[in-house]
Amino acid sequence: MSITMPTPASDVAAFETLETEHPAPNQRAKRGYRTLIWVFLAPTFIGLGLFTFIPILASMVLAFFRWDIITAPQFVGFQNFAQLFVNPTVGISFLNTIGFVIVAVVVQLAISLALAILVQSRMPDWARTFFRSALFFPLILSAASVSLVMSYLFNQEFGVINQFLGLFGIPKIGWLTTGLGAKIVVLLVYVWQNFGFTFLLFIGGLAAIPKEVYEASSIDGATGWRQFRFITMPLISPTTLVASVMAIISALQIFDQPYVMTKGGPGDETRTAVMVIYDSAFQQLEFGLASAIGIVLTLLIMLVTAIQFRLSRRYVFYG
Amino acid sequence: MSVIEQVHRPSPWMRIGSVSKYLVLLVAAFLTLGPVVWTAITALTPTDPATQTSQFGFAAFADVFVQVPFWLFTWNSALVTLLIAAGQMLSAAMAGYVFARFDFKGKNLLFALVLATMMVPMQVTIVPVFMLVRGMGLADTLLALIIPALPTAFGTFLMRQYFMGMPPELGEAAEIDGAGPWKVFFSIYLPLSAPGLAIVGILAFNYHWNEFFRPLIMTISEENFTLPLGLVSLQGNLGSGSVSTVLAGVILSMIPAIFVFIFGQRPLREGLTAGSGK
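Taken in sequence, the protein lines are chains A and B. Just so you know, my numbering puts the end of the first sequence at 319, numbered straight through with nothing missing. Just so you know, my numbering puts the end of the second sequence at 597, numbered straight through with nothing missing.
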């Protein structure tokens, strides 16, 4: 999980409170406070300016140049962006990333919602605490370390997974050496580590649904699946929307798992967009190409966020 | 599901449902904890290269310190993580306080700018940040990891929310008693914001103790490696020969994170889901 952002819903709420909860206006005039305001804002704004605003502008400019640091930058127009369609490695890595995002997010959301519903159902407190902790535990580990561990577990010759499958007479699978196997492992390892995040979000969303709604519906004869379909699903939809957007944004940036476990291989089968940013900038010194790919990635993230804004206005049920 | 059980008489089907519920959860817990337990067991039973037999013991743990400067990696990781966490707590508290408590021209625009930076993925800014850090003469130093990570948009957002929850009368009362603007912040609001600061600090710890991408780019010499980078390079050097040694390193590097998980789980959970951010 790498980038942080608030939900648009809470942004809006934040801006609304901003309008209504004005601090005492007399503080505006006080001299000492003016100094304090600028001194207190300075570290954050100098920092964000130097390390986010200027870099993003620099990236936008750099994306139109060819630059290897050593020789002078050369203007190339949209050539770097065209690599997306011309350069097979760049193109495949984007297709891989998008395919990965779709499958990983669907799997992650399904697993985390199902487990959140089970954990929030009636059970002793100690059991709930145990399951909740156990299920989000992987979130606190380093993705690089987890990937090291998993590359041993999925090792073709001596890995525990193949040994276990061997008990059922299944021959040794080349998990990390075949295209499909490597894709499955990257997906499993990523979801294994990250489902805990959407799981926590769903737990919060489920806890906010009033018990009375379920009681009323069971008096009306609704049970099991119908309750899930007609009560849980619509009432939890704001959480589902936020969870899917955050899961998509996080999955778009996948790097650690394929870098450590497969190096993008076999061939380019598990190469992702961020791996191409890394390779083109820091292995091939194609800083312009790396910037262009980064800009495309940012545009994708902005697009997903914009869609979230629209959807949250139209379809989501705010109870 | 819980409510169905409360309202209806328990039928045999419900009992089966309840058993399978625990079964599913137990399998899920086994799958999340299993790999970690396997890592610990394998680290504790290294294979002797001479006899090819596994023996229980801490030999693999000792071997980590022989193969790589493990203490140095730990020190680097601790230094980077703690300085970033402290810096983020302070800068976020100050900026969040200003956004929550004062009114001034351009405030909404400035706050919107802070929120906007949360949409920019770090991988997009990494090339210019790398150039900038290099230009500052910080290439291949720990400062290259620390300084760019000090400002935090999400932490600022979180602390602003936190300070907005505090009554303005607190500060006003202190002002009447003669406290100046700095004193009001440092001796009244800042101490009261400790739980919010804990969230910012723990999130910073969780992220930077484990991060891999930035150290991979910003550091070149082994003496500047942080733990995740050091472990990956250890595996690269050893090949598949000494699985136990690599896994012992993994286990050791997890210890601080597990401490935070046990003693700081509440702020960790709150932080991860606060504003649905992570």
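Where is the CB? At the ideal position from N, CA and C, for every residue including glycine.
Residue i (DSSP reduced to helix, strand or coil)
i      : result
S373/B : strand
Q74/A  : strand
F65/A  : strand
T44/A  : helix
T97/A  : helix
T35/A  : helix
T366/B : strand
T272/A : coil
N87/A  : coil
P388/B : coil
A222/A : coil
L141/A : coil
Q283/A : coil
M485/B : coil
S337/B : helix
F309/A : helix
Q122/A : Strictly speaking, residue 122/A in this sequence is Arg, with Gln absent from that position. Reduced to three states, the DSSP call for R122/A is coil.
T471/B : coil
F230/A : helix
F81/A  : helix
F349/B : helix
F544/B : coil
S291/A : helix
G583/B : coil
S133/A : helix
S561/B : coil
Chain A contact for residue i (CB, 8 angstroms cutoff)
i      : result
G456/B : no
I518/B : no
Y481/B : no
H327/B : The pLDDT assigned to H327/B is 49, lower than 50, so where the model puts this residue is not dependable, and the model offers no usable value.
M573/B : yes
N525/B : yes
Proximity test, Cβ basis, 8 angstroms: residue i and chain B
i      : result
S237/A : no
V160/A : yes
T305/A : yes
L176/A : no
S59/A  : yes
F309/A : no
S121/A : yes
G294/A : yes
P210/A : no
S142/A : yes
I54/A  : yes
Y272/A : Note on residue identity: the sequence assigns Thr, not Tyr, to residue 272/A. Chain B contact via Cβ: absent.
Y190/A : no
L41/A  : yes
V186/A : no
L240/A : The amino acid occupying residue 240/A in the given sequence is Thr; Leu does not appear at that position. For T240/A, the answer is no, since every Cβ of chain B falls outside 8 angstroms of its Cβ.
V101/A : no
Neighbour flag for residue i against chain E, beta carbons, 8 angstroms
i      : result
Q386/B : As a matter of chain content, chain E is missing from the structure shown, whose protein chains are A and B.
Quick one: which residues of the region 367-384 of chain B get their C-beta closer than 9 angstroms to a C-beta of chain A? List them in chain order. Residues: none.
In chain order, what are the residue ranges of uninterrupted beta strand (DSSP E) at least 3 long that sit wholly in the region 413-469 of chain B? none
In chain order, which alpha helix (DSSP H) runs of at least 4 residues are fully inside the region 145-214 of chain A? 160-166 and 179-207
Under 8 angstroms, with one C-beta from each stretch per pair, do the region 547-559 of chain B and the region 387-398 of chain B reach the 3-pair mark? yes
Would you call the region 524-542 of chain B and the region 395-407 of chain B in contact, with 3 or more CB pairs under 8 angstroms? yes
Minimum length 4: unbroken alpha helix (DSSP H) runs contained in the region 238-266 of chain A: 256-261
Can you list, in chain order, the residues of the region 247-267 of chain A whose Cβ is nearer than 7 angstroms to any Cβ on chain B? Q253, F255, D256 and V260
Does the region 575-591 of chain B come within contact of the region 128-147 of chain A, defined as at least 3 CB pairs closer than 8 angstroms? yes
Check each residue of the region 485-508 of chain B: if its Cβ is closer than 8 angstroms to any Cβ of chain A, include it; give the result in chain order. Sequence-ordered contacts of the region 485-508 of chain B with chain A read P487, E491, G499, P500, W501 and F504 [C-beta pairs closer than 8 angstroms].
Is there contact between the region 369-380 of chain B and the region 444-452 of chain B, where contact requires at least three CB pairs shorter than 8 angstroms? no
Does the count of Cβ pairs from the region 305-313 of chain A and the region 67-75 of chain A closer than 8 angstroms reach three? no
At which residue ranges does the region 489-539 of chain B contain complete alpha helix (DSSP H) runs of 4 or more residues, listed in the order of the chain? 513-529 and 532-537
For the region 212-238 of chain A, which residues have a CB atom closer than 8 angstroms to at least one CB atom of chain B, in sequence order? Y214, E215, S218, I219, T223, G224 and Q227
Using 8 angstroms as the Cβ pair cut-off and three pairs as the minimum, do the region 145-156 of chain A and the region 264-280 of chain A touch? The region 145-156 of chain A makes no contact with the region 264-280 of chain A; the number of CB pairs closer than 8 angstroms stays below 3.
Does the contact criterion of 3 or more C-beta pairs under 8 angstroms hold for the region 285-297 of chain A versus the region 196-214 of chain A? no
In the region 74-90 of chain A, which residues sit with their C-beta less than 8 angstroms from some C-beta in chain B, listed in chain order? none
Should the region 406-423 of chain B be called in touch with the region 505-520 of chain B, which here means at least 3 C-beta pairs below 8 angstroms? yes
Below 8 angstroms, can you find three or more Cβ-Cβ pairs linking the region 100-110 of chain A to the region 242-255 of chain A? yes
Which residues, in chain order, does the region 527-541 of chain B contribute to contact with chain A at a C-beta distance below 9 angstroms? W528, N529, E530, F531, F532, L535 and I536
Can you give me, in chain order, the residues of the region 163-174 of chain A that have a beta carbon less than 8 angstroms from any beta carbon in chain B? none
Assess, as a yes-or-no matter, whether the region 535-543 of chain B is touched by the region 339-359 of chain B under the definition of 3 or more beta carbon pairs within less than 8 angstroms. no
For the 8 angstroms Cβ check, are there 3 or more pairs between the region 428-442 of chain B and the region 41-50 of chain A? yes
Flag this pair as touching only if the region 250-263 of chain A and the region 182-196 of chain A have three or more C-beta atom pairs under 8 angstroms; answer yes or no. yes
Can you pull out the residues from the region 403-420 of chain B whose beta carbon lies closer than 7 angstroms to at least one beta carbon of chain A? S410, M413, A414, Y416, V417 and R420
Interfacial residues, the region 550-567 of chain B to chain A, with Cβ spacing under 8 angstroms: L550, V551, Q554, S559, V562, V565 and L566
Contact the region 216-232 of chain A vs the region 270-285 of chain A: 3+ CB pairs below 8 angstroms: no
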